[in-house]
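Structure record follows, encoded as structure tokens.
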Amino acid sequence: GGGWAAQPPSLAATDLFWQSMQGEARAAAAKEPLLASFLFNSVLNHRTLASALAFHLANKLASAAMPATLLVEVCREALAGGAAAASGHPALGWATALGADPGAAAAAAAAAAAAAAMDRTLRLDLLAVMERDPACTQLIDALLYFKGFHALQAHRVAHALWTTDRRPLAYFLQSQVSKRLQVDVHPAAVVGAGAFWDHATGLVIGETAVLGNNVSLLHSVTLGGSGKKHGVRHPRLGDGVLVGAGATLLGPVTVGAGAQVGACSLVLEDVAPQVTVVGVPAKVVGVPGVAVPALHM
Amino acid sequence: GGGWAAQPPSLAATDLFWQSMQGEARAAAAKEPLLASFLFNSVLNHRTLASALAFHLANKLASAAMPATLLVEVCREALAGGAAAASGHPALGWATALGADPGAAAAAAAAAAAAAAMDRTLRLDLLAVMERDPACTQLIDALLYFKGFHALQAHRVAHALWTTDRRPLAYFLQSQVSKRLQVDVHPAAVVGAGAFWDHATGLVIGETAVLGNNVSLLHSVTLGGSGKKHGVRHPRLGDGVLVGAGATLLGPVTVGAGAQVGACSLVLEDVAPQVTVVGVPAKVVGVPGVAVPALHM
Amino acid sequence: GGGWAAQPPSLAATDLFWQSMQGEARAAAAKEPLLASFLFNSVLNHRTLASALAFHLANKLASAAMPATLLVEVCREALAGGAAAASGHPALGWATALGADPGAAAAAAAAAAAAAAMDRTLRLDLLAVMERDPACTQLIDALLYFKGFHALQAHRVAHALWTTDRRPLAYFLQSQVSKRLQVDVHPAAVVGAGAFWDHATGLVIGETAVLGNNVSLLHSVTLGGSGKKHGVRHPRLGDGVLVGAGATLLGPVTVGAGAQVGACSLVLEDVAPQVTVVGVPAKVVGVPGVAVPALHM
């Protein structure tokens, strides 16, 4: 886990985290001239991490129907917590935990706190890639090249739109992410901070799913629905859960914190905290042996 | 199942189904100005549903090699049954069932009947999404945003091209759908009406597969080949079959009408009608408990 | 397996293999005028197979960040063995086997030998599609339409970049292939000649994986990592191995030459040569019954 204090945008000039990423980009540009223009436009030209991410997402997800110039504003506003500040978005929970008091604060202060919370989540997500993927050795690699990270951040934008009642736009974004990044997450799904979606192709997460903090999901994982038409019909995963490649969890099952679901498993019943389940259907076969399986992939 | 009478294009002005979808689009455009231009171009600007779909598919599947301006004509012609009318396409079976007599009718009448049949199938496919996906609450959402619906309709176009001996173009379309929509269906595969391909990423259907009406397939389903090089080498699915996420069916097996194949199952042998099979390899574990499992997801 | 002698580029004028593919393209263009321009640009306008492939890959993988005009040069140079010749790339092993002596030869001769080796591998890969996929009846279909073939060749380019220390560009290419072709192969992975990646959606191959010659992989196969952070942590597959759809192999396991892994299997332990394993977890259930399972799909 990280220890980054949330930083309001005004502190960006002294944002060592972002400065360090820009240093990585400068080194990569010097090493590979063919990427210099891309690295300048995507990283070096941005004052903040959130701005760079919005630019990158917009380019990945734009289409004839929604040009990058419009989409970048949508992403920028969502990542700046604008939507959240206007609506009691859950990110305000973070803001409160960080010392803000939305009840008393002016709208501007609430917006700044929401932006700080969104930014903190973004950094925890970036660090999750770096810490858990042995093949990732630089933060800019996660930012620029990891499909699962892009899909996750696009979901955070779509979720912010969803919770501020901009549902058509949220659906539009979900649809683009499904086609361009092969990750189909309903905008209503709740995903905690420090999420890591490795490889990500084929990942499906349904409307009423709820994921805790520091959850790691491999590719082709399904958190799918039961036959019910209404109410909670998708899985709930506790903090630190690890779900292996191709595992399928169906219905309103609960997977306890620190549990591990093996690759190719089919989970149709609740899983206790801190156990390992495997098989079709999944059975308990042991314990993960570590406190947070999601961190040990 | 629906009860829509097939409507020749000349009746489009009184097409209440399409008018209702246009009403949904107007409401969405009023609610989300950023999508207004997209909704106008994709829905409101079209006199018929088939025209809107052809426009939308062409934009999704165009490339430098095949601009949308050409592709829209290919889709339009196929969806208008032109190819079918000229070639004894199976859609004429529908036309016959609807009262047309291709043997006696003039070519124009046959074309109109084929167009009506294609249009009826399209509407049944749209309604399948709406009826079976709890997360889909509007018909335009299915039309505009559901990858599986787009892949299905693109397959209907590719299949029409295949059956009229335009195989290179059919292969081109299959290839684009595989890349853009992550659904790889051989153009020769036969797919009944009222099909629903949910999420759809990773779906693979081989050359000699035959699917009945009202079949529902989840994502990552494989209807794959056996080791044979010739003849029928892929599965045949009866009406109303439901295949769960990640299930793999290999070889010329038959799955009876109303059967249900559980998620993550491996099917290498025939499945009787109205049973539920699960596991690797799949075994009978019960009965679906409903007449048409595909309708109860 | 094929018996094509490696041909230096200077012999392209008498390259019967490529001439035959151009003949296929001419026939297809005559049959389908809508594809004529595409076929001219992609096939007929190129003096060599490698040039056509570079053009095609660049168009598939270009983006705003990396225009096709730049990418085509990257692909062309890699496929021409330029990178390899400059760096002791494994392709020189081929060159040596073909009679070249890199130690003594001038740089120009080494480059020609490396180009010939790359070209030979490319042809073996093309023939693998043609020979093993009953639905593929022309070499240009494999070249133009098969996603798995495109992903494989893009990996060969990325691997050449990786081995010549152009890692940022290799990562960029991996990322584009993961998004556009839904195949996520680490650039460091070693893949032998005559590889066939069928359908390919969802295929994942990790950093330290090593695949022999004539290996066939179906879609949704994972050659994934164990929990280790360092050293060899991915599978090693011998010559002629066949891995079925959705199979997941995790950790530094060895699969012996001529073994067959059934669809949907989970492999966590070594597999002996010439056996068939199936299940979750996979158990030996028999022998393939053929010398090279990969050739009998």
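Residue numbers (our numbering), protein chains in the order written: chain A, 3 to 299; chain B, 3 to 299; chain C, 3 to 299.
Where a beta carbon is used, it is the ideal one built from N, C-alpha and C, also for glycine.
Quantities reported herein were computed from a predicted structural model and do not represent experimental measurements.
Run through DSSP, which three-state label would residue i get?
i: B:R238; result: strand
i: B:Q262; result: strand
i: C:S267; result: coil
i: C:V286; result: strand
i: C:M299; result: coil
i: A:V74; result: helix
i: A:L205; result: coil
i: A:D143; result: helix
i: A:V292; result: coil
i: A:V243; result: coil
Could you name the residues of chain A that residue i contacts, counting a contact when the two beta carbons are closer than 8 Å?
i: C:H48; result: Here the premise fails: no neighbours, minimum Cβ distance about 23 Å.
I'd like to know whether the C-beta of residue i is nearer than 8 Å to at least one C-beta of chain D.
i: B:Q184; result: In the structure shown, chain D cannot be found, because the protein chains are A, B and C.
Give the range of the alpha helix (DSSP H) segment to which residue i is assigned.
i: B:K149; result: K149 to T165
i: A:G25; result: L18 to K33
i: A:V279; result: A:V279 -> not in any alpha helix (DSSP H); beta strand (DSSP E) instead, spanning T278 to V280.
i: A:D121; result: A109 to R134
i: B:V179; result: R169 to L183
i: A:L55; result: L51 to L63
i: A:L46; result: Neither: A:L46 is in no alpha helix (DSSP H) and is coded neither H nor E.
Under 8 Å by Cβ, that's how I've got residue i and residue j pegged, so tell me the actual separation to the nearest angstrom.
i: C:L51; j: C:R28; result: Not really, about 16 Å apart at Cβ, beyond 8 Å.
i: B:V282; j: B:A261; result: Rounded, the Cβ-Cβ distance is 17 Å, inconsistent with contact.
i: A:V257; j: A:A284; result: No, A:V257 and A:A284 are not in contact; Cβ-Cβ is about 10 Å, not under 8 Å.
i: A:G150; j: A:A116; result: Contact flag wrong, Cβ pair sits at about 25 Å.
i: C:A60; j: C:C77; result: 6 Å
i: C:A67; j: C:L163; result: Actually they do not touch by this definition, with Cβ atoms about 16 Å apart.
i: B:L220; j: B:D200; result: 5 Å
i: B:Q184; j: C:T203; result: 5 Å
i: B:V179; j: B:A153; result: 5 Å
i: B:M132; j: B:L141; result: 6 Å
i: B:K33; j: A:P170; result: 6 Å
i: B:L244; j: B:Q155; result: The pair is not a contact, with the Cβ atoms about 21 Å apart (cut-off 8 Å).
Considering only residues of the same chain and omitting the five flanking positions on each side of residue i, which have a CB-CB separation below 7 Å?
i: A:R134; result: F198, S218, L297 and M299
i: C:G196; result: G3, L126, D127, A130, N215 and N216
i: C:V294; result: N216, G242 and G260
i: C:P275; result: G240, G258, A259, G260 and A261
Give the residues of chain A in contact with residue i, contact being defined as C-beta atoms less than 9 Å apart.
i: B:N61; result: S65, A66 and A67
i: C:C304; result: With chain C represented from 3 up to 299, any question about residue 304 of chain C goes unanswered, as that position is not in the structure.
i: B:H201; result: S180, D186, G204, V206, T224 and G226
Might you give, ordered along the chain, the residues of its own chain that have their beta carbon closer than 6 Å to the beta carbon of residue i, omitting 5 neighbours on each side?
i: B:Q176; result: A160 and P189
i: C:G248; result: S222, A265 and C266
i: C:V287; result: T278 and V280
i: B:H58; result: S44
i: A:F19; result: none
i: A:V234; result: T210 and P254
Give the residues of chain C in contact with residue i, contact being defined as C-beta atoms less than 9 Å apart.
i: B:E209; result: P136 and A137
i: A:D241; result: By Cβ distance, chain C contributes nothing, its closest Cβ being about 19 Å from A:D241, past 9 Å.
Within its chain, find whatever has a CB closer than 8 Å to the CB of residue i; leave out the 5 residues flanking it on each side and keep chain order.
i: A:P252; result: Note that residue 252 of chain A is Leu in the sequence shown here, rather than Pro. Closer than 8 Å at Cβ, skipping near neighbours: T224, G226, G227, S228, P237, L268, V269 and L270.
i: A:L37; result: A30 and A31
i: A:L73; result: L59, A60, L63 and A64
From what residue to what residue does the beta strand (DSSP E) around residue i run?
i: C:L220; result: It is not in any beta strand (DSSP E) - C:L220 carries neither H nor E in the DSSP assignment.
i: A:L251; result: T250 to L252
For residue i, which residues in chain C fall below 8 Å Cβ to Cβ?
i: A:F40; result: A67, M68 and F174
i: A:D127; result: In chain order: nothing, as chain C lies at least about 17 Å away.
i: A:M299; result: G227 and G229
i: B:K33; result: None at all; the shortest Cβ gap to chain C is about 30 Å.
i: B:S222; result: G204, S222 and G248
Run down chain C in chain order and give the residues with a C-beta less than 7 Å from the C-beta of residue i.
i: B:K231; result: P136
List, in order along the chain, the chain B residues whose C-beta lies closer than 7 Å to that of residue i?
i: C:H161; result: Result: empty, since nearest Cβ-Cβ is about 21 Å, beyond 7 Å.
Could you name the residues of chain B that residue i contacts, counting a contact when the two beta carbons are closer than 8 Å?
i: C:A30; result: P170
i: A:H188; result: A137
i: C:L36; result: M68, L72, V76 and L171
i: A:S177; result: L146, Y147, F148 and K149
Quick one: which chain A residues come within Cβ less than 7 Å of residue i?
i: C:L252; result: A265
i: B:T285; result: Contrary to the premise, residue 285 of chain B reads as Lys rather than Thr in this sequence. Within chain A, no residue comes near B:K285; the closest Cβ sits about 11 Å away, beyond 7 Å.
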